[in-house]
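What follows is one structure encoded as structure tokens, with my remarks underneath.
Residue numbers (the numbering used here): 268 to 433.
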């Protein structure tokens, strides 16, 4: 049950793999603006003089591939989007954090007002983090190892493989 008359809010987050801290944004709609707002937040949090290259891992949602995102990336060349394999949520480091939010805040909640529910989510993210990241077991399966070896055999640049492994 959602509070109000079919009210929804959408959560976008960026998990810093080094610290386990998640920065987030909440929007009324799941649009490109939600993702652009998150990128702008990252841009301000990591100033250009101190951080010359930022990699952002994203799933294959269409808001991550939108034309406006491409324009934003062109204007901010220090940002690089790295896309996860399609239909592979176990490989997405932020899914554990989102799952925790769902388990503790949004599943079976009793809130009657959406803003109370959003407050619960924001408080949970503040109080219960950080979420330390360790690679999923999926990275150590024979299929993934074989795929990486196939990339090497196909002559893929070592730099690209290093970025995938990072």
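Glycine included, C-beta positions come from ideal geometry on N, C-alpha and C.
> If we count the other Cβ atoms within 10 Å of its Cβ and call it buried at 16 or more, is residue 361 buried or exposed?
Replying inline: Within the chain shown, the letter at position 94 stands for residue 361. Buried: at least 16 other Cβ atoms inside 10 Å.
> Where does the unbroken alpha helix (DSSP H) through residue 362 begin, and where does it stop?
Replying inline: On the chain shown, residue 362 is found 95 positions in, with the first residue counted as 1. Counting along the chain, the alpha helix (DSSP H) containing residue 362 begins and ends at 361 to 368.
>> Residues in the same chain with beta-carbon distance under 6 angstroms from residue 322, minus the five sequence neighbours each way, listed in chain order, please.
In response: As a first step, residue 322 must be located in the chain shown, where it is residue number 55. Excluding positions up to five away in sequence, the list reads 347, 349.
>> Whole angstroms are fine: how far does the CA of residue 330 sit from the CA of residue 345?
In response: Against the chain shown, residue 345 aligns to sequence position 78. Against the chain shown, residue 330 aligns to sequence position 63. Going by the C-alpha atoms only, they are around 20 angstroms apart.
>> Buried or exposed for residue 355, going by 16 or more other Cβ atoms inside 10 Å?
In response: For the purposes of this step, residue 355 is identified with residue 88 of the chain shown, where counting begins at 1. Around the CB of residue 355, fewer than 16 other CB atoms lie within 10 Å, so the residue is classed as exposed.
>> Please list the terminal residues of the continuous beta strand (DSSP E) segment that includes residue 274.
In response: Sequence index remark: in the chain shown, residue 274 carries index 7 (1-based). Element bounds for residue 274: n/a, residue is neither H nor E.
> Does the beta-carbon of residue 382 have 16 or more other beta-carbons within 10 angstroms, so that it is buried, or is it exposed?
Replying inline: Sequence index remark: in the chain shown, residue 382 carries index 115 (1-based). Exposed is the call here.
> Where residue 392 and residue 420 are concerned, what is the direct C-alpha to C-alpha distance, given to the nearest angstrom?
Replying inline: If you number the chain shown from 1, residue 392 lands on position 125. If you number the chain shown from 1, residue 420 lands on position 153. Between the alpha carbons of residue 392 and residue 420 lies a distance of about 43 angstroms.
> Per DSSP, what kind of secondary structure is residue 333 in: helix, strand or coil?
Replying inline: Taking the chain shown and counting its residues from 1, one reaches residue 333 at position 66. If DSSP states are grouped into helix, strand and coil, residue 333 belongs with coil.
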